[in-house]
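Remarks on the structure that follows.
In C-alpha coordinates, the structure reads:
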(Lines of atoms letter the chains of each structure in order from A and count residues from 1; the text may use other names and numbers.)
(Lines give C-alpha, C1' and ligand atoms only; values in the text may rest on other atoms or scores of the structure.)
Protein backbone atom coordinates (compact mmCIF):
# COMPACT_ATOMS: atom_id res chain seq x y z
CA UNK A 1 0.00 0.00 0.00
CA UNK A 2 2.75 2.44 0.86
CA UNK A 3 4.55 2.30 -2.52
CA UNK A 4 1.21 2.91 -4.27
CA UNK A 5 0.54 5.86 -1.95
CA UNK A 6 3.98 7.30 -2.68
CA UNK A 7 3.46 6.75 -6.39
CA UNK A 8 0.13 8.59 -6.24
CA UNK A 9 1.77 11.42 -4.30
CA UNK A 10 4.48 11.73 -6.93
CA UNK A 11 1.85 11.89 -9.68
CA UNK A 12 0.21 14.85 -7.93
CA UNK A 13 3.43 16.92 -8.07
CA UNK A 14 3.26 17.91 -11.77
CA UNK A 15 -0.45 18.75 -11.46
CA UNK A 16 0.20 20.98 -8.45
CA UNK A 17 3.27 22.48 -10.11
CA UNK A 18 1.37 23.28 -13.30
CA UNK A 19 -1.60 24.71 -11.38
CA UNK A 20 0.56 27.12 -9.36
CA UNK A 21 2.55 28.10 -12.42
CA UNK A 22 -0.67 28.81 -14.31
CA UNK A 23 -1.99 31.13 -11.57
CA UNK A 24 1.32 33.00 -11.51
CA UNK A 25 1.11 33.36 -15.27
CA UNK A 26 -2.35 34.94 -14.91
CA UNK A 27 -0.83 37.70 -12.79
CA UNK A 28 1.82 38.04 -15.50
CA UNK A 29 -0.94 38.46 -18.09
CA UNK A 30 -2.42 41.15 -15.84
CA UNK A 31 0.75 43.19 -16.47
CA UNK A 32 -0.03 43.03 -20.20
CA UNK A 33 -3.59 44.16 -19.45
CA UNK A 34 -2.17 47.15 -17.56
CA UNK A 35 -0.06 48.13 -20.58
CA UNK A 36 -3.09 47.76 -22.87
CA UNK A 37 -5.21 49.99 -20.61
CA UNK A 38 -2.36 52.48 -20.35
CA UNK A 39 -2.33 52.99 -24.12
CA UNK A 40 -6.08 52.64 -24.64
CA UNK A 41 -7.13 55.42 -22.27
CA UNK A 42 -4.19 57.78 -22.38
CA UNK A 43 -5.75 60.04 -25.03
CA UNK A 44 -9.08 60.44 -23.24
CA UNK A 45 -9.63 63.69 -21.42
CA UNK A 46 -12.99 64.01 -19.71
CA UNK A 47 -14.52 63.74 -16.24
CA UNK A 48 -13.77 60.02 -16.02
CA UNK A 49 -10.45 59.63 -17.74
CA UNK A 50 -7.55 61.97 -17.16
CA UNK A 51 -4.93 61.90 -19.93
CA UNK A 52 -1.22 62.12 -19.26
CA UNK A 53 -0.30 65.72 -18.57
CA UNK A 54 -3.90 66.95 -18.87
CA UNK A 55 -5.02 70.05 -17.02
CA UNK A 56 -7.77 70.12 -14.40
CA UNK A 57 -11.28 70.76 -15.72
CA UNK A 58 -11.62 73.79 -13.44
CA UNK A 59 -9.25 76.18 -11.69
CA UNK A 60 -9.29 78.47 -8.66
CA UNK A 61 -8.91 82.20 -8.94
CA UNK A 62 -5.99 83.47 -6.88
CA UNK A 63 -8.30 85.00 -4.30
CA UNK A 64 -10.31 81.78 -3.96
CA UNK A 65 -7.41 79.37 -3.39
CA UNK A 66 -8.28 77.03 -0.50
CA UNK A 67 -6.31 76.90 2.71
CA UNK A 68 -3.84 74.01 2.69
CA UNK A 69 -2.20 72.25 5.60
CA UNK A 70 1.09 70.56 4.72
CA UNK A 71 1.74 67.61 7.05
CA UNK A 72 5.28 66.25 7.44
CA UNK A 73 5.24 62.99 9.44
CA UNK A 74 8.74 62.35 10.77
CA UNK A 75 10.31 59.60 12.86
CA UNK A 76 14.09 59.54 13.43
CA UNK A 77 15.12 61.16 10.13
CA UNK A 78 18.08 63.28 11.18
CA UNK A 79 19.82 63.05 7.78
CA UNK A 80 16.94 64.18 5.54
CA UNK A 81 14.45 66.22 7.59
CA UNK A 82 16.24 69.56 7.18
CA UNK A 83 16.31 69.05 3.41
CA UNK A 84 12.55 68.39 3.51
CA UNK A 85 11.81 71.52 5.55
CA UNK A 86 13.90 73.68 3.25
CA UNK A 87 11.99 72.35 0.22
CA UNK A 88 8.55 72.82 1.82
CA UNK A 89 9.46 76.36 2.87
CA UNK A 90 9.98 77.17 -0.83
CA UNK A 91 6.45 76.10 -1.87
CA UNK A 92 4.79 78.85 -3.88
CA UNK A 93 1.44 79.56 -2.24
CA UNK A 94 -0.18 82.52 -0.48
CA UNK A 95 1.27 82.56 3.03
CA UNK A 96 -2.08 83.41 4.60
CA UNK A 97 -3.52 80.17 3.17
CA UNK A 98 -0.62 77.85 3.93
CA UNK A 99 -0.08 75.97 7.19
CA UNK A 100 2.79 73.56 7.85
CA UNK A 101 2.78 70.85 10.54
CA UNK A 102 5.96 69.00 11.48
CA UNK A 103 4.53 65.82 13.05
CA UNK A 104 7.65 64.62 14.83
CA UNK A 105 7.46 61.29 16.65
CA UNK A 106 11.25 61.05 16.83
CA UNK A 107 13.21 59.71 19.78
CA UNK A 108 16.68 60.90 18.71
CA UNK A 109 18.51 64.04 17.57
CA UNK A 110 15.87 64.62 14.91
CA UNK A 111 13.79 66.42 17.56
CA UNK A 112 16.42 69.11 18.06
CA UNK A 113 17.03 69.47 14.32
CA UNK A 114 13.29 69.95 13.67
CA UNK A 115 12.80 72.39 16.54
CA UNK A 116 15.75 74.51 15.46
CA UNK A 117 14.62 74.57 11.83
CA UNK A 118 11.00 75.34 12.70
CA UNK A 119 12.12 78.29 14.83
CA UNK A 120 14.20 79.56 11.90
CA UNK A 121 11.28 79.28 9.46
CA UNK A 122 8.93 81.06 11.83
CA UNK A 123 11.23 84.07 11.65
CA UNK A 124 10.53 84.07 7.91
CA UNK A 125 6.83 84.51 8.72
CA UNK A 126 5.84 80.97 7.76
CA UNK A 127 2.84 79.50 9.56
CA UNK A 128 4.63 76.39 10.79
CA UNK A 129 4.06 74.33 13.94
CA UNK A 130 6.20 71.66 15.60
CA UNK A 131 4.00 68.89 17.03
CA UNK A 132 5.43 66.10 19.17
CA UNK A 133 2.98 63.53 20.52
CA UNK A 134 3.36 62.08 24.02
CA UNK A 135 3.01 58.58 22.49
CA UNK A 136 3.32 56.83 19.09
CA UNK A 137 -0.10 55.21 19.06
CA UNK A 138 -1.07 54.33 15.51
CA UNK A 139 2.41 55.21 14.20
CA UNK A 140 2.18 57.27 10.97
CA UNK A 141 -1.62 57.00 10.72
CA UNK A 142 -1.91 58.12 14.32
CA UNK A 143 0.41 61.08 13.72
CA UNK A 144 -1.58 62.20 10.66
CA UNK A 145 -4.88 61.93 12.56
CA UNK A 146 -3.40 63.78 15.54
CA UNK A 147 -2.24 66.62 13.32
CA UNK A 148 -5.54 66.72 11.44
CA UNK A 149 -7.36 67.52 14.69
CA UNK A 150 -5.26 70.68 14.91
CA UNK A 151 -5.24 71.57 11.20
CA UNK A 152 -7.11 74.55 9.78
CA UNK A 153 -6.80 73.71 6.07
CA UNK A 154 -9.61 72.28 3.98
CA UNK A 155 -6.94 70.39 2.02
CA UNK A 156 -4.00 68.48 3.49
CA UNK A 157 -0.79 67.78 1.60
CA UNK A 158 1.55 65.05 2.87
CA UNK A 159 5.28 64.53 2.38
CA UNK A 160 7.46 61.87 3.96
CA UNK A 161 10.85 62.93 5.27
CA UNK A 162 12.91 61.80 2.26
CA UNK A 163 10.88 63.74 -0.35
CA UNK A 164 12.01 66.98 -1.99
CA UNK A 165 9.03 68.74 -3.64
CA UNK A 166 9.64 71.45 -6.22
CA UNK A 167 8.38 74.96 -5.34
CA UNK A 168 5.45 74.79 -7.81
CA UNK A 169 4.23 71.32 -6.75
CA UNK A 170 1.31 72.58 -4.65
CA UNK A 171 0.13 75.12 -7.22
CA UNK A 172 0.22 72.45 -9.95
CA UNK A 173 -1.97 70.09 -7.91
CA UNK A 174 -4.43 72.29 -6.04
CA UNK A 175 -6.64 73.22 -9.01
CA UNK A 176 -7.91 69.63 -9.30
CA UNK A 177 -9.87 70.31 -6.11
CA UNK A 178 -11.91 73.00 -7.87
CA UNK A 179 -14.01 69.97 -8.79
CA UNK A 180 -15.92 69.33 -5.53
CA UNK A 181 -16.14 65.57 -6.22
CA UNK A 182 -12.33 65.12 -6.08
CA UNK A 183 -11.17 63.73 -2.75
CA UNK A 184 -7.49 63.00 -3.44
CA UNK A 185 -4.75 63.62 -5.99
CA UNK A 186 -1.44 61.77 -6.17
CA UNK A 187 1.80 62.85 -7.85
CA UNK A 188 4.40 60.48 -9.29
CA UNK A 189 7.54 59.48 -7.43
CA UNK A 190 10.92 59.87 -9.10
CA UNK A 191 14.25 58.93 -7.57
CA UNK A 192 17.08 61.27 -6.65
CA UNK A 193 19.54 58.41 -6.03
CA UNK A 194 18.48 56.16 -8.91
CA UNK A 195 22.07 55.71 -10.15
CA UNK A 196 23.66 55.26 -6.73
CA UNK A 197 24.05 51.48 -7.00
CA UNK A 198 22.75 48.42 -8.78
CA UNK A 199 20.25 47.91 -5.95
CA UNK A 200 18.78 51.41 -6.35
CA UNK A 201 18.57 50.94 -10.12
CA UNK A 202 16.59 47.73 -9.63
CA UNK A 203 14.25 49.43 -7.15
CA UNK A 204 13.73 52.36 -9.51
CA UNK A 205 12.81 49.99 -12.35
CA UNK A 206 10.41 48.14 -10.05
CA UNK A 207 8.70 51.35 -8.89
CA UNK A 208 8.55 52.76 -12.43
CA UNK A 209 6.31 49.87 -13.39
CA UNK A 210 3.92 50.87 -10.61
CA UNK A 211 3.99 54.66 -11.01
CA UNK A 212 4.25 54.95 -14.78
CA UNK A 213 2.02 52.07 -15.92
CA UNK A 214 -0.16 50.66 -13.12
CA UNK A 215 -1.27 53.85 -11.38
CA UNK A 216 -1.95 55.59 -14.68
CA UNK A 217 -3.82 52.64 -16.21
CA UNK A 218 -6.00 52.09 -13.14
CA UNK A 219 -6.97 55.73 -12.82
CA UNK A 220 -7.55 56.32 -16.52
CA UNK A 221 -9.73 53.21 -16.86
CA UNK A 222 -11.94 54.16 -13.91
CA UNK A 223 -10.57 51.53 -11.53
CA UNK A 224 -9.54 52.09 -7.92
CA UNK A 225 -5.96 53.17 -7.38
CA UNK A 226 -4.12 54.01 -4.20
CA UNK A 227 -2.60 57.01 -2.49
CA UNK A 228 1.09 56.20 -2.01
CA UNK A 229 1.42 57.63 1.49
CA UNK A 230 3.18 60.81 0.39
CA UNK A 231 3.41 63.38 -2.42
CA UNK A 232 -0.35 63.81 -2.58
CA UNK A 233 -3.21 66.01 -1.37
CA UNK A 234 -6.43 65.02 0.42
CA UNK A 235 -9.68 66.88 0.89
CA UNK A 236 -10.21 66.88 4.66
CA UNK A 237 -13.95 66.30 4.28
CA UNK A 238 -13.27 63.20 2.15
CA UNK A 239 -11.03 61.76 4.87
CA UNK A 240 -13.75 62.38 7.47
CA UNK A 241 -16.48 60.96 5.22
CA UNK A 242 -14.54 57.70 4.81
CA UNK A 243 -13.99 57.30 8.56
CA UNK A 244 -10.62 59.02 8.97
CA UNK A 245 -7.12 57.61 9.22
CA UNK A 246 -7.17 54.11 10.71
CA UNK A 247 -4.20 52.17 12.01
CA UNK A 248 -5.63 48.65 11.75
CA UNK A 249 -3.20 48.03 8.87
CA UNK A 250 0.41 49.05 8.25
CA UNK A 251 -0.58 50.61 4.90
CA UNK A 252 -2.99 53.26 6.10
CA UNK A 253 -2.67 55.01 2.72
CA UNK A 254 -3.99 52.03 0.73
CA UNK A 255 -6.75 51.46 3.29
CA UNK A 256 -8.02 55.05 3.19
CA UNK A 257 -7.75 55.20 -0.61
CA UNK A 258 -10.16 52.31 -1.04
CA UNK A 259 -12.57 53.54 1.64
CA UNK A 260 -12.72 57.01 0.03
CA UNK A 261 -13.38 55.61 -3.44
CA UNK A 262 -16.02 53.24 -2.06
CA UNK A 263 -17.77 56.35 -0.71
CA UNK A 264 -17.93 57.73 -4.25
CA UNK A 265 -15.15 60.31 -4.14
CA UNK A 266 -13.11 60.83 -7.31
CA UNK A 267 -9.33 60.47 -7.11
CA UNK A 268 -6.81 61.67 -9.67
CA UNK A 269 -3.37 60.37 -10.50
CA UNK A 270 -1.04 63.02 -11.96
CA UNK A 271 1.91 61.28 -13.64
CA UNK A 272 3.15 64.56 -15.15
CA UNK A 273 3.78 66.01 -11.67
CA UNK A 274 6.92 64.41 -10.28
CA UNK A 275 8.29 64.58 -6.74
CA UNK A 276 11.84 63.30 -6.09
CA UNK A 277 12.48 60.89 -3.22
CA UNK A 278 15.27 58.73 -1.87
CA UNK A 279 15.40 54.97 -2.42
CA UNK A 280 16.72 52.65 0.33
CA UNK A 281 20.40 51.92 -0.27
CA UNK A 282 20.63 48.95 2.09
CA UNK A 283 19.19 45.52 1.30
CA UNK A 284 17.84 44.93 4.81
CA UNK A 285 16.05 48.30 4.74
CA UNK A 286 14.64 47.52 1.30
CA UNK A 287 13.38 44.14 2.54
CA UNK A 288 11.75 45.76 5.58
CA UNK A 289 9.98 48.26 3.30
CA UNK A 290 8.77 45.52 0.97
CA UNK A 291 7.63 43.42 3.95
CA UNK A 292 5.52 46.30 5.27
CA UNK A 293 3.93 46.98 1.89
CA UNK A 294 3.10 43.31 1.29
CA UNK A 295 1.74 42.82 4.80
CA UNK A 296 -0.35 45.98 4.59
CA UNK A 297 -1.83 45.08 1.21
CA UNK A 298 -2.83 41.66 2.58
CA UNK A 299 -4.43 43.30 5.60
CA UNK A 300 -6.40 45.66 3.36
CA UNK A 301 -7.46 42.74 1.15
CA UNK A 302 -8.77 40.89 4.20
CA UNK A 303 -10.46 44.04 5.48
CA UNK A 304 -12.06 45.49 2.34
CA UNK A 305 -12.30 42.95 -0.49
CA UNK A 306 -15.67 41.73 0.77
CA UNK A 307 -16.98 45.30 0.81
CA UNK A 308 -15.65 45.87 -2.71
CA UNK A 309 -17.35 42.72 -4.05
CA UNK A 310 -20.75 43.68 -2.60
CA UNK A 311 -20.51 47.34 -3.65
CA UNK A 312 -22.39 48.66 -6.67
CA UNK A 313 -19.36 48.75 -8.93
CA UNK A 314 -18.70 47.47 -12.47
CA UNK A 315 -17.37 43.92 -12.57
CA UNK A 316 -14.06 44.99 -14.15
CA UNK A 317 -13.47 47.41 -11.26
CA UNK A 318 -14.02 44.61 -8.74
CA UNK A 319 -11.69 42.27 -10.66
CA UNK A 320 -8.99 44.91 -10.84
CA UNK A 321 -9.33 45.60 -7.10
CA UNK A 322 -8.92 41.88 -6.41
CA UNK A 323 -5.79 41.62 -8.58
CA UNK A 324 -4.43 44.84 -7.07
CA UNK A 325 -4.86 43.87 -3.44
CA UNK A 326 -3.78 40.23 -3.89
CA UNK A 327 -0.79 40.94 -6.12
CA UNK A 328 1.63 40.01 -3.33
CA UNK A 329 0.04 36.55 -3.10
CA UNK A 330 2.25 35.86 -6.11
CA UNK A 331 5.20 35.62 -3.76
CA UNK A 332 3.49 32.94 -1.69
CA UNK A 333 2.70 30.94 -4.83
CA UNK A 334 6.26 31.42 -6.03
CA UNK A 335 7.66 30.14 -2.74
CA UNK A 336 5.51 27.00 -2.96
CA UNK A 337 6.75 26.57 -6.51
CA UNK A 338 10.36 26.81 -5.31
CA UNK A 339 9.72 24.13 -2.70
CA UNK A 340 8.32 21.89 -5.45
CA UNK A 341 11.36 22.33 -7.68
CA UNK A 342 13.29 19.34 -6.36
CA UNK A 343 10.31 16.93 -6.30
CA UNK A 344 9.50 18.10 -9.82
CA UNK A 345 13.06 17.45 -10.95
CA UNK A 346 12.80 13.96 -9.48
CA UNK A 347 9.53 13.43 -11.33
CA UNK A 348 10.75 14.51 -14.76
CA UNK A 349 13.90 12.40 -14.35
CA UNK A 350 11.55 9.44 -14.85
CA UNK A 351 9.95 10.94 -18.00
CA UNK A 352 11.01 12.17 -21.40
CA UNK A 353 12.65 15.62 -21.55
CA UNK A 354 9.95 16.80 -23.98
CA UNK A 355 7.50 16.72 -21.06
CA UNK A 356 8.99 19.83 -19.56
CA UNK A 357 9.61 21.48 -22.93
CA UNK A 358 6.06 21.40 -24.26
CA UNK A 359 4.12 21.95 -21.03
CA UNK A 360 6.09 24.15 -18.65
CA UNK A 361 8.57 26.06 -20.78
CA UNK A 362 5.91 28.10 -22.68
CA UNK A 363 4.32 29.22 -19.41
CA UNK A 364 7.70 30.20 -17.95
CA UNK A 365 8.69 32.09 -21.07
CA UNK A 366 5.29 33.76 -21.42
CA UNK A 367 5.39 35.06 -17.86
CA UNK A 368 8.98 36.25 -18.27
CA UNK A 369 8.26 38.04 -21.56
CA UNK A 370 5.17 39.71 -20.07
CA UNK A 371 7.29 41.17 -17.28
CA UNK A 372 10.04 42.25 -19.68
CA UNK A 373 7.50 44.06 -21.87
CA UNK A 374 5.85 45.71 -18.88
CA UNK A 375 9.08 47.20 -17.54
CA UNK A 376 10.38 48.10 -21.00
CA UNK A 377 7.28 50.24 -21.61
CA UNK A 378 7.74 51.95 -18.22
CA UNK A 379 11.24 53.05 -19.30
CA UNK A 380 10.25 54.01 -22.83
CA UNK A 381 7.45 56.27 -21.58
CA UNK A 382 9.93 58.19 -19.43
CA UNK A 383 12.34 58.63 -22.34
CA UNK A 384 14.86 56.43 -20.55
CA UNK A 385 16.60 54.65 -23.40
CA UNK A 386 18.77 51.83 -22.13
CA UNK A 387 20.82 49.63 -24.40
CA UNK A 388 19.50 46.07 -24.81
CA UNK A 389 22.37 44.88 -22.62
CA UNK A 390 21.65 47.43 -19.86
CA UNK A 391 17.91 46.76 -19.86
CA UNK A 392 18.43 43.00 -20.04
CA UNK A 393 20.83 43.10 -17.10
CA UNK A 394 18.54 45.22 -14.94
CA UNK A 395 15.42 43.24 -15.89
CA UNK A 396 17.16 39.91 -15.17
CA UNK A 397 18.30 41.16 -11.78
CA UNK A 398 14.86 42.65 -11.05
CA UNK A 399 13.19 39.28 -11.65
CA UNK A 400 15.95 37.53 -9.71
CA UNK A 401 15.56 39.89 -6.75
CA UNK A 402 11.79 39.36 -6.91
CA UNK A 403 12.44 35.64 -6.55
CA UNK A 404 14.98 36.30 -3.79
CA UNK A 405 12.33 38.28 -1.90
CA UNK A 406 9.75 35.48 -2.15
CA UNK A 407 10.46 34.15 1.36
CA UNK A 408 10.42 37.62 2.92
CA UNK A 409 7.22 38.60 1.11
CA UNK A 410 5.45 35.27 1.68
CA UNK A 411 5.88 35.64 5.42
CA UNK A 412 4.58 39.21 5.11
CA UNK A 413 1.45 38.02 3.26
CA UNK A 414 0.80 35.32 5.86
CA UNK A 415 1.38 37.83 8.65
CA UNK A 416 -1.10 40.23 7.09
CA UNK A 417 -3.75 37.55 6.57
CA UNK A 418 -3.43 35.87 9.95
CA UNK A 419 -2.57 38.67 12.36
CA UNK A 420 -3.92 42.12 13.09
CA UNK A 421 -0.66 43.49 14.46
CA UNK A 422 0.34 46.90 13.16
CA UNK A 423 3.99 47.26 14.18
CA UNK A 424 5.33 49.88 11.80
CA UNK A 425 8.97 49.33 10.82
CA UNK A 426 10.25 52.45 9.12
CA UNK A 427 12.70 52.48 6.22
CA UNK A 428 15.95 54.28 7.22
CA UNK A 429 17.06 57.08 4.89
CA UNK A 430 20.54 58.58 4.82
CA UNK A 431 20.42 61.73 2.71
CA UNK A 432 23.00 60.28 0.31
CA UNK A 433 22.38 60.86 -3.40
CA UNK A 434 25.79 60.69 -5.11
CA UNK A 435 27.76 57.48 -5.68
CA UNK A 436 30.81 59.25 -4.28
CA UNK A 437 29.08 59.57 -0.89
CA UNK A 438 29.00 56.79 1.69
CA UNK A 439 25.95 55.70 3.66
CA UNK A 440 27.83 53.04 5.63
CA UNK A 441 28.99 55.62 8.21
CA UNK A 442 25.43 56.73 8.95
CA UNK A 443 23.67 55.88 12.17
CA UNK A 444 20.55 54.16 10.84
CA UNK A 445 20.39 50.54 9.71
CA UNK A 446 17.75 48.09 8.62
CA UNK A 447 16.33 45.97 11.43
CA UNK A 448 18.21 42.73 12.11
CA UNK A 449 16.02 39.65 11.65
CA UNK A 450 16.34 35.89 11.44
CA UNK A 451 15.24 36.05 7.78
CA UNK A 452 18.84 35.71 6.61
CA UNK A 453 19.07 32.23 8.17
CA UNK A 454 15.96 31.09 6.30
CA UNK A 455 17.29 32.57 3.08
CA UNK A 456 20.55 30.70 3.58
CA UNK A 457 18.64 27.42 3.91
CA UNK A 458 16.63 28.27 0.79
CA UNK A 459 19.81 29.00 -1.17
CA UNK A 460 21.23 25.63 -0.10
CA UNK A 461 18.03 23.88 -1.20
CA UNK A 462 18.17 25.59 -4.61
CA UNK A 463 21.84 24.63 -4.98
CA UNK A 464 21.00 20.95 -4.32
CA UNK A 465 18.15 21.18 -6.87
CA UNK A 466 20.50 22.68 -9.46
CA UNK A 467 23.12 19.97 -8.91
CA UNK A 468 20.41 17.31 -9.30
CA UNK A 469 19.25 18.94 -12.57
CA UNK A 470 22.81 19.02 -13.94
CA UNK A 471 23.43 15.40 -12.94
CA UNK A 472 20.28 14.23 -14.74
CA UNK A 473 20.97 16.55 -17.71
CA UNK A 474 17.80 18.63 -17.26
CA UNK A 475 19.41 21.48 -19.16
CA UNK A 476 16.13 23.20 -19.99
CA UNK A 477 15.65 23.87 -16.27
CA UNK A 478 19.07 25.43 -15.76
CA UNK A 479 18.34 29.03 -16.95
CA UNK A 480 15.45 29.30 -14.51
CA UNK A 481 17.33 27.59 -11.68
CA UNK A 482 20.21 30.00 -12.33
CA UNK A 483 17.80 32.95 -11.96
CA UNK A 484 16.54 31.50 -8.66
CA UNK A 485 20.08 31.00 -7.38
CA UNK A 486 21.19 34.50 -8.41
CA UNK A 487 18.13 36.02 -6.75
CA UNK A 488 18.58 34.37 -3.39
CA UNK A 489 22.36 34.70 -3.58
CA UNK A 490 22.16 38.44 -4.28
CA UNK A 491 19.54 39.17 -1.61
CA UNK A 492 21.32 37.05 1.00
CA UNK A 493 24.85 38.15 0.09
CA UNK A 494 24.05 41.85 0.07
CA UNK A 495 22.12 41.54 3.33
CA UNK A 496 25.05 39.82 5.02
CA UNK A 497 27.70 42.11 3.55
CA UNK A 498 25.91 45.34 4.33
CA UNK A 499 25.09 44.22 7.85
CA UNK A 500 28.72 43.40 8.55
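In our numbering, the protein residues as written are 1 to 500.
Cβ atoms here follow ideal geometry from the backbone N, Cα and C, with glycine treated the same way.
Option in the options with minimal Cα separation from residue i
i           : options               : result
residue 179 : 84, 266 and 257       : 266
residue 62  : 74, 96 and 331        : 96
residue 333 : 315, 402, 57 and 312  : 402
residue 144 : 65, 445 and 104       : 104
residue 451 : 432, 488, 417 and 430 : 488
residue 466 : 365, 438, 431 and 343 : 343
residue 377 : 19, 24, 32 and 23     : 32
residue 153 : 301, 163, 238 and 458 : 238
residue 24  : 335, 294 and 65       : 335
residue 205 : 227, 56 and 384       : 384
residue 246 : 319, 141 and 228      : 141
residue 36  : 230, 309 and 213      : 213
residue 68  : 81, 263, 34 and 158   : 158
residue 231 : 114, 496, 454 and 70  : 70
residue 131 : 74, 94 and 120        : 74
residue 235 : 218, 129, 268 and 248 : 268
residue 11  : 413, 454 and 346      : 346
residue 59  : 260, 182 and 446      : 182
Cβ-based neighbour list, residue i, same chain, cut-off 6 Å, excluding 5 preceding and 5 following
i           : result
residue 188 : 211, 271 and 274
residue 127 : 99
residue 27  : 330
residue 139 : 424
residue 92  : 167, 168 and 171
residue 18  : none
Contact check, residue i vs residue j, beta carbons under 8 Å
i           : j           : result
residue 38  : residue 216 : yes
residue 110 : residue 78  : yes
residue 165 : residue 87  : yes
residue 66  : residue 224 : no
residue 83  : residue 431 : yes
residue 459 : residue 492 : yes
residue 160 : residue 244 : no
residue 404 : residue 282 : no
residue 348 : residue 276 : no
residue 241 : residue 429 : no
Three-way DSSP call (helix, strand, coil) for residue i in this model
i           : result
residue 188 : strand
residue 137 : coil
residue 280 : coil
residue 34  : helix
residue 267 : strand
residue 72  : strand
residue 444 : coil
residue 217 : helix
residue 103 : strand
residue 47  : Here the model assigns residue 47 a pLDDT of 39, short of 50, so the residue's position is not dependable, and the following value carries that caveat. If DSSP states are grouped into helix, strand and coil, residue 47 belongs with coil.
residue 235 : strand
residue 132 : coil
residue 255 : helix
residue 324 : helix
residue 272 : strand
residue 98  : strand
residue 303 : helix
residue 230 : coil
residue 376 : helix
In DSSP terms, what residue i is bridged to
i           : result
residue 163 : 277
residue 182 : 266
residue 155 : 68 and 235
Cβ of residue i within 8 Å of any chain D Cβ
i           : result
residue 155 : The chain inventory of the structure shown lacks chain D, comprising one protein chain alone.
Close beta carbons around residue i, own chain, < 7 Å, minus the five adjacent residues each side
i           : result
residue 173 : 185, 187, 233, 270 and 273
Residues of its chain near residue i, where Cβ-Cβ distance is below 8 Å and the 5 sequence neighbours each way are ignored
i           : result
residue 497 : none
residue 300 : 249, 251, 254, 255, 258 and 325
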